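Q: There's a structure below that I have some questions on.
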Amino acid sequence: MRKLVLILFSLFSLSTSGQDKACLNFKTGKFKYVDASYADWHITRTLSEQIETNTATGLVIHNDIKWTSACEFTLTCSKVSQPKYKHAIGKVFKVVIIETSKQGYTCILMHNDIQPNNMQFEMVRMD
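Letter by letter, the sequence shown follows residues -22 to -1, 1 to 105 in mature numbering (1 follows the signal peptide of the UniProt record, and there is no 0).
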């Protein structure tokens, strides 16, 4: 029984460390949403900032990014290009990457006072 528990623990550790390493591939870059509903949004991410641009409306959202683990980060809205969205400034959004592939990742945007429900998105790399 002890051997079985040790084997299962080892397999779980290997699978999560592999996922963590894969998440590191998405710390920087240019991304877009797979969902056609968000086709006008493009994301540019550096180690310190994420900029989200809606090419249809011209809305640009600047977020400070802080990685809390290999597969989790927070976005703090620091600037918006349109005054009607200024209520988002200072708000913190937590994102958890739950799955990765060569082309992109799937993540969950955790609920907060602006976003009442968790939302799941699939992102693909553009660069």
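Glycine is no exception: its CB is placed at the ideal position from the N, C-alpha and C atoms. Nothing here was measured: the structure is a model prediction, and the numbers come from that model.
#1: Please state if the CB of V38 and the CB of V58 are separated by a distance shorter than 9 Å.
#2: Mind checking if L37 is an interface residue toward chain B, Cβ cutoff 9 Å exclusive?
#3: Since Y16 is in the beta strand (DSSP E), which residue starts that stretch and which ends it?
#4: Kindly identify the DSSP beta-bridge partner or partners of T84.
#5: Is it the case that the region 27 to 35 contacts the region 77 to 84, given that we only count it when at least three CB pairs across the two stretches are under 8 Å?
#6: Just how far apart, CA to CA, sit K64 and I21?
#7: Is the separation between the beta-carbon of T78 and that of Q60 shorter than 9 Å?
#8: In whole angstroms, what is the alpha-carbon distance linking M88 and D18?
#9: Is the Cβ-Cβ distance between D42 and E27 less than 9 Å?
#10: Which of the three DSSP states, helix, strand or coil, is assigned to K44?
#11: How many angstroms separate the CA atom of D91 from the CA atom of F71?
#12: Determine the closest residue to N3 out of Q98, T24, C55, S15, with distance taken between C-alpha atoms.
#13: How would you call M104, buried or exposed, if buried means at least 16 neighbouring beta carbons within 10 angstroms?
A: Looking at the atomic coordinates:
#1: In the sequence shown, counting from the first residue as 1, residue 58 sits at position 80. In the sequence shown, counting from the first residue as 1, residue 38 sits at position 60. Yes. Within cutoff.
#2: You won't find chain B in this structure, because it holds only one protein chain.
#3: Here the question's residue 16 lines up with position 38 in the sequence shown. Looking at the DSSP string, Y16 is not in any beta strand (DSSP E), and its letter there is neither H nor E.
#4: Residue 84 sits at position 106 when you count from the first residue of the sequence shown. DSSP lists E77, E100 as partners of T84.
#5: No, they do not touch.
#6: Start at 1 with the first residue of the sequence shown, and residue 64 comes out as number 86. Start at 1 with the first residue of the sequence shown, and residue 21 comes out as number 43. Straight-line Cα distance between these residues: approximately 19 Å.
#7: On the sequence shown, residue 78 is found 100 positions in, with the first residue counted as 1. On the sequence shown, residue 60 is found 82 positions in, with the first residue counted as 1. No, Cβ-Cβ distance for T78 and Q60 is not below 9 Å.
#8: Looking up residue 88 in the sequence shown gives position 110. Looking up residue 18 in the sequence shown gives position 40. If I take the Cα positions, the gap works out to 22 Å.
#9: Numbered from 1 along the sequence shown, position 64 holds the residue referred to as residue 42. Numbered from 1 along the sequence shown, position 49 holds the residue referred to as residue 27. Yes; because the gap between Cβ atoms is below 9 Å, this pair is in contact.
#10: Position 66 of the sequence shown holds residue 44. In the structure shown, K44 adopts extended strand secondary structure according to DSSP, grouped into three states.
#11: Looking up residue 91 in the sequence shown gives position 113. Looking up residue 71 in the sequence shown gives position 93. Distance from the CA of D91 to the CA of F71, rounded to the nearest whole angstrom, comes to 10 Å.
#12: Numbered from 1 along the sequence shown, position 25 holds the residue referred to as residue 3. Closest option to N3, Cα to Cα, is T24.
#13: In the sequence shown, counting from the first residue as 1, residue 104 sits at position 126. Classification for M104: exposed.
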